[in-house]
Amino acid sequence: MSSIIYALVVRDPDIVLSEYSRAQGNFPQITRNILSKLPRSGKFSYTYNEKYCYHYISEENIVFICLSDAEFPRRICFLFLDDIKSNFMKRYGQVVNTVIAFGVNAEFAEVLKTRMIYFNTDPNADKLQTIRSSVDQVKNIMIENIDKVLARGEKVELLVKKSEVMSEQAITMKKRAIQVRRKMWFQNIKLYLVCGCVFLFLLLLLMMSVCSPDFSEC
């Protein structure tokens, strides 16, 4: 697994203030040999032997260097260098020009080790990947919310259609109810008329039986 292997802090021209290596090898000697070839301003990467890559930040007369496997992401290496630079200058910025060789190594080598482990193993160290993950998460949430809105829109549309159908059915039922009421009213009128006629006919028969057919006896 690729990783950051070695790191050191140097004050020009070649005074090593602190270093840490997580693997056995001649990395310190090789680094000291190429120090004089490195530019002394800005951020650079330097491929060595096709298998490894040096990355360094040079600021004023202090150089922060790390060695990594060639395939290890460069952006993480520079995040590591920015981190140790910030830590180092916060601790020793006031006295950095007077510190003797390895004068702060006993303390700062542990910082190099701790931060190296962090940037080698913790996914959160890759800020770009973290941002991408956050963007993907936000995008997924937005897509999910859009799907929900669309689903709600479909449901609302269905409800509107159902409401329209129910409204039409209600109007139809109302018309039918009016028609039924009118029909029942006419039927009741007819019934009342028939009953009235029957009653008058019976009354006439009764009067004729009492008063004679020509009503001469009444």
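In the working numbering, the protein residues as written are 125 to 342. All C-beta atoms, glycine included, are put in the ideal place defined by N, C-alpha and C.
Nearest to residue 132 by C-alpha distance, out of 289, 148, 212 and 175, is 212.
In the structure shown, residue 171 falls within a strand segment according to DSSP collapsed to helix, strand and coil. Shown here, residue 131 sits in a strand according to DSSP, grouped into three states. Secondary structure note for residue 336: it is in no beta strand (DSSP E), with a DSSP letter that is neither H nor E.
In the DSSP assignment, residue 234 falls within the alpha helix (DSSP H) that extends over 229–245. Our two residues, residue 180 and residue 155, have alpha carbons roughly 11 Å apart in a direct line.
The alpha helix (DSSP H) runs of length 4 or more contained entirely in the stretch 146–201 are, from start to end of the chain, 151–158. In this structure, DSSP gives residue 304 a helical state, which the three-state scheme calls helix. Rounded to whole angstroms, the separation of the alpha carbons of residue 238 and residue 187 is 19 Å.
Of the residues 289, 128, 202 and 208, the one whose Cα lies closest to the Cα of residue 141 is 208.
Taking a C-beta distance under 8 Å as the contact criterion, residue 176 and residue 194 qualify as a contact pair.
Considering only 223, 199 and 173, the residue with the shortest C-alpha distance to residue 185 is 223.
Cβ-Cβ separation between residue 143 and residue 229: approximately 7 Å, consistent with a contact (criterion under 8 Å). With 16 or more neighbouring CB atoms inside 10 Å of its own CB, residue 192 falls in the buried class. With fewer than 16 neighbouring CB atoms inside 10 Å of its own CB, residue 306 falls in the exposed class. Counting only the Cα atoms, residue 231 lies some 13 Å from residue 225.
The Cβ neighbour count for residue 190, taken over all protein chains shown within 10 Å, is at least 16; the residue is labelled buried. With contacts defined by Cβ atoms closer than 8 Å, residue 203 and residue 249 form a contacting pair.
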